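Colleague:
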Amino acid sequence: MKRKNNGMQQGTLKRKNRKCSVDDRDASVRALVTHLQECILIIDKNGIILFANEAFRRLLNIHDNDCGNKHIRDCIAKNDTARLMRIIHRSDPPHKEYRGIVLHAIKRDGATAELSCRIFPVPYGGETCHIVSAVDQTPSIEMNSKMEHLQHLASIGTFSSGIVHEFNNVLTGIRGYAQLADKDLTNTRLLEKAFTIIEAECQRGAELCKNMSLYSSRTKINPEPVMLRDLAETVLSLQKRYFQQEKVTIEKQYDDIPDIMIDKFQIQQVILNLIINARHAILQKGYGTITVRIMDHGKTIHIDIEDTGIGIEEKNIRRIFDPFYTSKGVIGLHVAGKEIKGSGLGLSVSSSIIRKHGGEITVSSVRGKGSCFTVILPKIIANMRPQTDAAACRYPLHCKRKPLKILVVDDEISIRELLFKALTAIEMEVILARNAEEAIAYCKSDLFDIVFLDYILPEQNGDNLIPVIKEHLPQAKIIMISGWVSSPIKKKKLEKNVDAWIDKPFDVSQIFSCIDDIAPGDGITH
Ligand SMILES: Nc1ncnc2c1ncn2[C@@H]1O[C@H](COP(=O)(O)OP(=O)(O)OP(=O)(O)O)[C@@H](O)[C@H]1O
Ligand SMILES: [Mg+2]
Numbered sequence: 082m083k084r085k086n087n088g089m090q091q092g093t094l095k096r097k098n099r100k101c102s103v104d105d106r107d108a109s110v111r112a113l114v115t116h117l118q119e120c121i122l123i124i125d126k127n128g129i130i131l132f133a134n135e136a137f138r139r140l141l142n143i144h145d146n147d148c149g150n151k152h153i154r155d156c157i158a159k160n161d162t163a164r165l166m167r168i169i170h171r172s173d174p175p176h177k178e179y180r181g182i183v184l185h186a187i188k189r190d191g192a193t194a195e196l197s198c199r200i201f202p203v204p205y206g207g208e209t210c211h212i213v214s215a216v217d218q219t220p221s222i223e224m225n226s227k228m229e230h231l232q233h234l235a236s237i238g239t240f241s242s243g244i245v246h247e248f249n250n251v252l253t254g255i256r257g258y259a260q261l262a263d264k265d266l267t268n269t270r271l272l273e274k275a276f277t278i279i280e281a282e283c284q285r286g287a288e289l290c291k292n293m294s295l296y297s298s299r300t301k302i303n304p305e306p307v308m309l310r311d312l313a314e315t316v317l318s319l320q321k322r323y324f325q326q327e328k329v330t331i332e333k334q335y336d337d338i339p340d341i342m343i344d345k346f347q348i349q350q351v352i353l354n355l356i357i358n359a360r361h362a363i364l365q366k367g368y369g370t371i372t373v374r375i376m377d378h379g380k381t382i383h384i385d386i387e388d389t390g391i392g393i394e395e396k397n398i399r400r401i402f403d404p405f406y407t408s409k410g411v412i413g414l415h416v417a418g419k420e421i422k423g424s425g426l427g428l429s430v431s432s433s434i435i436r437k438h439g440g441e442i443t444v445s446s447v448r449g450k451g452s453c454f455t456v457i458l459p460k461i462i463a464n465m466r467p468q469t470d471a472a473a474c475r476y477p478l479h480c481k482r483k484p485l486k487i488l489v490v491d492d493e494i495s496i497r498e499l500l501f502k503a504l505t506a507i508e509m510e511v512i513l514a515r516n517a518e519e520a521i522a523y524c525k526s527d528l529f530d531i532v533f534l535d536y537i538l539p540e541q542n543g544d545n546l547i548p549v550i551k552e553h554l555p556q557a558k559i560i561m562i563s564g565w566v567s568s569p570i571k572k573k574k575l576e577k578n579v580d581a582w583i584d585k586p587f588d589v590s591q592i593f594s595c596i597d598d599i600a601p602g603d604g605i606t607h
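Quick note, the sequence shown lines up with residues 82 to 607 if you use our numbering.
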């Protein structure tokens, strides 16, 4: 007992001996701040940086000596500097703290880092200065975009297996009717039926191609006018073959909503994720119903995907949006002879997509009864539909107008012939070029009112010919015909350089309505 007491006394003594001076304490605090992982700045009321710790200097690649008297505007984006200065100049009570302020720091190489900041006043050298304590969010943003990419790759598998299945059906229909009609060319009723089916199947094939090309890799939002009910129908049709196998009934309830501005591909990916989750939940129960609702809530649109599946335990609801949280597992659950696999990325990526659209996803669920996921999107109504949309076709076949002289540049013989037949049928004068070389020769030696230009040509892309056409035929209108452009952003840029744009496969009546739109008068060459 005695010894114990002695020990305690010695401990107190040691602690007392370690009592540090004010200078020591200052030095420790300075060392702590300097080496903190958080970026720390002290700025005066004029925005001059009085102190920047190591983390901040490392982030901005500033050397120690560079820091003295640097202004905050040299490190922070212009708009953010103005916002920060407004905060500094507010006459707030002492210790008032601003949290979650996002500032964009400009690095030496011009790249930006997104900082989430706390800003609060401190007395410093006899005046009130401000501490900006910042955490670099860039790594988590990069992580999100990597996750989106992973999810994108995973969904391509699901999506393409649906596409392959649908495409085989399309081809079977076309082939079957073509073979039947070929056997009896005198049977006009059969021929009529075959053409109707072939035309409808081609339309379906064209839609599938469009969907596939929408799956080109991109993470930024690319809003375009979209009819939500069509989008929901596309996803349901791609999943339709599973519904019967898995005893899933579908119910739909669509409000009448005009086209809204959303990223078609990304929202489609979200709906697909939610439908697959609903299917899996029902599969684990045996049978059930998925209800898809699209509802107009004034300023927002709600998309409900409700199922009567197994539901989610209350303790897990908070976790389902976490990346890689899954109850299915990469190895897979085996239910009713089927294997259900999941990577746990579906909901986290979906919610990130919806947040980027300015919306949110909510969920309500009862274990054993089912779940309802609601996607809430801001209702941004589209003003215009694209000019070349099939719905805008209004120039009737065989409707004659004053003749124009037209150059068609396409390496595909079937497209050249189709355009030749369609255009000469309305008495246009048509010249055909098979490649860039022939096209340039015609542009130099002849006059044309309109040039139909294929985007992908054997030696060079059609857009390389635009300056040549404009130089030799300044009055000619250019209509670009394209089957594929690598990215929507590139397509947007290209569209600006031409008078009209038609996507392959096109409807013949689109050609006429397009001519009518861009060249309403008589031909300039006649
Ligand atoms: N409709 C639903 N009913 C019941 N549980 C659900 C439902 N939707 C999601 N969950 C639960 O949330 C988890 C996470 O869903 P999420 O879509 O993120 O990943 P996943 O479906 O497991 O895998 P992935 O979508 O990446 O293939 C699921 O594993 C499941 O446990
Ligand atoms: Mg999922």
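Heads up, the beta-carbon is just placed ideally off N, CA and C, and yes, glycines get one too. Remember, it's a predicted structure, so these values are computed and weren't measured experimentally.
Below 7 angstroms, is the gap between the Cβ of Asn608 and the nearest heavy atom of ligand 2?
Modeller: As displayed, the chain neither begins before 82 nor continues past 607, which places residue 608 out of reach and without an answer.
Colleague: Is any heavy atom of ligand 1 found at a distance shorter than 7 angstroms from the C-beta of Ser445?
Modeller: Ser445: no, Cβ never under 7 angstroms from ligand 1.
Colleague: Just verifying my parser: in three-state terms, what is the DSSP assignment at Ala581?
Modeller: Strand at Ala581.
Colleague: Going by the CB atoms, is the gap between Ala313 and Ile375 shorter than 8 angstroms?
Modeller: Result yes, Cβ atoms of Ile375 and Ala313 sit closer than 8 angstroms.
Colleague: Starting from Arg633, follow the alpha helix (DSSP H) in both directions and report where the run begins and ends.
Modeller: Since the displayed the chain opens at 82 and closes at 607, residue 633 lies outside it and no answer follows.
Colleague: Taking Cβ to Cβ, would you say Gly379 is nearer than 8 angstroms to Ala359?
Modeller: For Gly379 and Ala359, no; Cβs fall outside 8 angstroms.
Colleague: Taking the C-alpha atoms as reference points, what is the distance between Gln59 and Leu554?
Modeller: Any answer about residue 59 is impossible in this case: the structure gives the chain only from 82 up to 607.
Colleague: Would you call the stretch 187-200 in contact with the stretch 393-405, where contact means no fewer than 3 C-beta pairs closer than 8 angstroms?
Modeller: The stretch 187-200 vs the stretch 393-405: no contact.
Colleague: Beta-carbon within less than 6 angstroms of Tyr609's beta-carbon, same chain only, minus the 5 sequence neighbours each way: which residues are those?
Modeller: The shown model of the chain, from 82 to 607, leaves out residue 609, and the question about it has no answer.
Colleague: Hey, would you say the C-beta of Ile384 is under 7 angstroms away from at least one heavy atom of ligand 1?
Modeller: For ligand 1, not one heavy atom lies less than 7 angstroms from the Cβ of Ile384.
Colleague: Would you mind giving the Cβ-Cβ distance between Phe405 and Gly425, rounded to the nearest angstrom? I have them listed as a contact below 8 angstroms.
Modeller: Right, their Cβ atoms sit about 4 angstroms apart.
Colleague: Identify the continuous alpha helix (DSSP H) that holds Cys453 and give its terminal residues.
Modeller: Looking at the DSSP string, Cys453 is not in any alpha helix (DSSP H); the run it does join, the beta strand (DSSP E), is 451-459.
Colleague: By the three-class DSSP mapping on this structure, what secondary structure does Asp263 have?
Modeller: Three-state result, Asp263: helix.
Colleague: Looking at chain B, is there any beta carbon in it that lies within less than 8 angstroms of the beta carbon of Thr315?
Modeller: Among the chains of the structure shown, chain B does not appear; only one protein chain is present.
Colleague: Less than 7 angstroms between the CB of Ile130 and some heavy atom of ligand 2, yes or no?
Modeller: No, since every heavy atom of ligand 2 falls outside the 7 angstroms radius drawn around the Cβ of Ile130.
Colleague: Mapping the DSSP letters down to three states, classify Gly369 as helix, strand or coil.
Modeller: Three-state result, Gly369: strand.
Colleague: Should Ile494 go down as buried or exposed, given a rule of 16 or more other Cβ atoms within 10 Å for buried?
Modeller: So Ile494 ends up on the exposed side.
Colleague: Which residue's Cα is closest to the Cα of Ala503: Glu247, Ile596, Leu266, Ala557?
Modeller: Ranking Glu247, Ile596, Leu266, Ala557 by Cα distance to Ala503 puts Ile596 first.
Colleague: What would DSSP say about Cys120, mapped onto helix, strand or coil?
Modeller: It is a strand residue.
Colleague: Secondary structure at Cys524, three-state DSSP: helix, strand or coil?
Modeller: DSSP places Cys524 in helix when its eight states are reduced to three.
Colleague: Applying the 10 Å Cβ sphere with the 16-neighbour rule, what's the burial state of Glu178?
Modeller: Exposed: under 16 other Cβ atoms inside 10 Å.
Colleague: Which of the three DSSP states, helix, strand or coil, is assigned to Gly181?
Modeller: Gly181 falls in the strand class under three-state DSSP.
Colleague: Could you tell me the alpha carbon to alpha carbon distance between Ile562 and Tyr536, rounded to whole angstroms?
Modeller: The straight-line gap from Cα to Cα measures roughly 6 angstroms.
Colleague: Using a threshold of 7 angstroms, is the CB atom of Ser594 nearer than that to any non-hydrogen atom of ligand 1?
Modeller: Answer for Ser594: no, Cβ out of range of ligand 1.
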